[in-house]
Amino acid sequence: MVYSTSIGLKTKGFTDIQNITPEVRQAVVDSGIREGIVCVANPGSTAGITTIEFESGALADLSQALDRIAPQDGRYEHNATWGDGNGFAHLRSALVGASRAFPVKNGAPVLGTWQQVILLDFDNRSRKRVLTVVVVGE
Amino acid sequence: MVYSTSIGLKTKGFTDIQNITPEVRQAVVDSGIREGIVCVANPGSTAGITTIEFESGALADLSQALDRIAPQDGRYEHNATWGDGNGFAHLRSALVGASRAFPVKNGAPVLGTWQQVILLDFDNRSRKRVLTVVVVGE
Amino acid sequence: MVYSTSIGLKTKGFTDIQNITPEVRQAVVDSGIREGIVCVANPGSTAGITTIEFESGALADLSQALDRIAPQDGRYEHNATWGDGNGFAHLRSALVGASRAFPVKNGAPVLGTWQQVILLDFDNRSRKRVLTVVVVGE
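In order, the protein sequence lines correspond to chains A, B and C. Just so we're aligned, residue 1 is where the first sequence starts under the working numbering, counting upward by one. Just so we're aligned, residue 139 is where the second sequence starts under the working numbering, counting upward by one. Just so we're aligned, residue 277 is where the third sequence starts under the working numbering, counting upward by one.
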């Protein structure tokens with residue numbers, strides 16, 4: 001069995017971090033799949049998907065770490081080529097990854113109690129994003 | 139076809155790195171699935187899953203790199219909020235990722251000869267972990 | 277339904293970045309699968325798989341960032357043990373990840389217009405690589 005759906009959301013960019021766990025959980029419920037794999041992706045090269053405890057302190061720590069790894073005001077060859085100033089966003093997306101798969105068990109994605117699936121929008125402007133969620137299993 | 143199982147283990151925390159390849163290989167064998175995808179996850183936000191050559195030098199290099207990226211004695215807002223002192227562990231988990239999928243071919247996960255699947259427990263104490271392994275395919 | 281194939285390529289090593297999107301797209305087309313999950317992996321511990329806008333500036337930025345995170349001329353315990361000098365490659369592979377899964381929709385991997393799937397060969401010599409692509413779905 002396969003089920004797919006999408007998650008639409010607006011972001012503010014600049015490492016705007018949004019909790020998409022309720023939507024991912026709902027997709028698994030709607031799929032009717034009890035055991036399998038769910039894969040979540042943002043089509044695009046300036047955002048990332050990972051998990052974290054969705055708590056303001058941990059989110060700030062992640063954002064600050066990415067500022068160190070790929071500073072917003074760094075010198076990027078992408079910017080020199082395109083002049084769109086979001087080289088840091090491309091770099092962060094490549095390092096964090098734009099998709100992530102999770103096991104599904106008992107009709108739910110396998111996540112810890114405080115662990116949430118997040119979209120990080122690294123772009124340097126607000127964006128409308130449409131994520132894809134696919135569930136495969138039975 | 140879908141098969142799921144779990145891997146229980148005790149860790150010492152503080153980037154304790156454990157080789158879970160035998161258990162992942164066994165899960166694929168037990169599934170009877172010859173071709174498909176296997177997804178491994180630790181439910182929780184203070185551990186990570188990736189692959190490496192399981193050799194003490196490479197493990198030390200990875201541990202030291204994570205100490206630079208997210209130092210244990212760094213200043214974390216998560217710690218300021220919760221006082222549990224494991225902000226570095228949350229950050230490392232978000233960056234490394236808490237789940238990973240691999241192709242399955244010829245009844246085995248697709249891995250190089252020296253490439254091993256590892257759990258990294260970043261938490262600041264010993265933990266009992268129960269990982270989930272799901273295999274989908276035929 | 278399950279379909280698997282492989283992608284053979286030669287690399288120059290030293291973070292040689294190759295665009296494997298056409299091959300991944302073709303694998304999904306050849307599978308006949310319209311909806312599901314595609315998983316791409318390099319079996320081995322000195323390469324990585326992720327996505328990026330395949331533009332020379334963004335590629336240079338990623339390469340330079342990895343040089344900072346895991347410098348080629350850094351001091352690695354792996355090198356001390358084995359003398360093969362590719363400790364930086366093992367570290368980069370563990371951090372970037374050697375496999376990645378993407379949703380499949382409408383008979384194609386879910387990717388942005390400018391987003392490409394890449395192999396990064398971090399090893400310190402030219403290599404022949406044989407990647408595995410598995411598609412699961414219907």
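We put the CB at the ideal spot given by N, CA and C, even for glycine. Note that the structure is a prediction, hence the values are computed from the model and not measured.
Nearest to residue i by alpha carbon, out of the options?
| i | options | result |
| --- | --- | --- |
| ALA65 of chain A | B:GLU215, B:THR188, B:SER144 and B:VAL268 | B:GLU215 |
| ASN262 of chain B | B:GLY212, B:LYS150 and B:PHE192 | B:LYS150 |
| GLY363 of chain C | B:SER264, B:ILE145 and B:SER201 | B:SER201 |
| SER142 of chain B | A:PRO22, A:PRO103 and A:VAL133 | A:PRO103 |
| PRO319 of chain C | C:HIS366, C:ASN382, C:VAL386 and C:GLU414 | C:HIS366 |
| ARG213 of chain B | A:PRO109, A:ALA80, A:ASP61 and A:ALA70 | A:ASP61 |
| GLY235 of chain B | B:ARG172, B:LEU147, B:PRO247 and B:SER183 | B:SER183 |
| THR327 of chain C | A:TRP114, A:LEU95 and A:SER6 | A:LEU95 |
| VAL130 of chain A | C:VAL386, C:ILE345 and C:GLU331 | C:VAL386 |
| ARG230 of chain B | B:PRO209, B:GLY223, B:ASN157 and B:THR219 | B:PRO209 |
| ASN79 of chain A | C:LEU335, C:ASP292 and C:ARG310 | C:LEU335 |
| ARG186 of chain B | B:GLY223, B:LYS243, B:VAL140 and B:ASN157 | Strictly speaking, residue 186 of chain B in this sequence is Gly, with Arg absent from that position. Closest option to GLY186 of chain B, Cα to Cα, is B:ASN157. |
| LYS105 of chain A | A:GLU35, A:ASP73, A:THR21 and A:PRO22 | A:GLU35 |
| THR132 of chain A | A:ASP73, A:CYS39 and A:THR81 | A:CYS39 |
| ILE37 of chain A | B:THR159, B:PHE152, B:VAL140 and B:GLY223 | B:VAL140 |
| GLU331 of chain C | A:THR81, A:PRO22, A:LEU119 and A:GLU138 | A:THR81 |
| GLY195 of chain B | C:GLY361, C:GLY333 and C:ALA317 | C:GLY361 |
| GLN253 of chain B | C:ALA317, C:GLN391, C:TRP390 and C:ASP349 | C:ALA317 |
From the DSSP output, which residues share a beta bridge with residue i?
| i | result |
| --- | --- |
| ILE37 of chain A | A:PRO103 and A:VAL136 |
| GLY109 of chain A | Looking at the sequence provided, one finds Pro at residue 109 of chain A rather than Gly. A:VAL104, per the DSSP bridge assignment. |
| ASP292 of chain C | C:ASP397 |
| ASN149 of chain B | For clarity, residue 149 of chain B is Thr in the given sequence; the question names Asn instead. B:ARG265. |
| ALA185 of chain B | B:ASP259 |
| GLN253 of chain B | B:GLU191 |
When DSSP labels each residue in this structure, what does residue i get in the three-state scheme?
| i | result |
| --- | --- |
| SER126 of chain A | coil |
| SER144 of chain B | strand |
| THR346 of chain C | Looking at the sequence itself, residue 346 of chain C is Ala, so the reference to Thr does not match. Three-state result, ALA346 of chain C: coil. |
| ALA374 of chain C | coil |
| GLU329 of chain C | strand |
| ARG213 of chain B | coil |
| ASP222 of chain B | coil |
For residue i, count neighbouring Cβ atoms within 10 angstroms of its own Cβ and tell me buried if that reaches 16, exposed if not.
| i | result |
| --- | --- |
| GLU329 of chain C | buried |
| ASP121 of chain A | buried |
| LYS404 of chain C | exposed |
| VAL410 of chain C | buried |
| GLY359 of chain C | exposed |
| LYS148 of chain B | exposed |
| GLN164 of chain B | exposed |
| SER402 of chain C | exposed |
| ASP154 of chain B | buried |
| ARG344 of chain C | exposed |
| GLY32 of chain A | exposed |
| GLY284 of chain C | exposed |
Assuming the contact rule is C-beta atoms closer than 8 Å, residue i and residue j should be a hit. Round their C-beta distance to whole Å, please.
| i | j | result |
| --- | --- | --- |
| VAL162 of chain B | VAL255 of chain B | 5 Å |
| GLY245 of chain B | VAL167 of chain B | 6 Å |
| SER99 of chain A | ALA377 of chain C | 6 Å |
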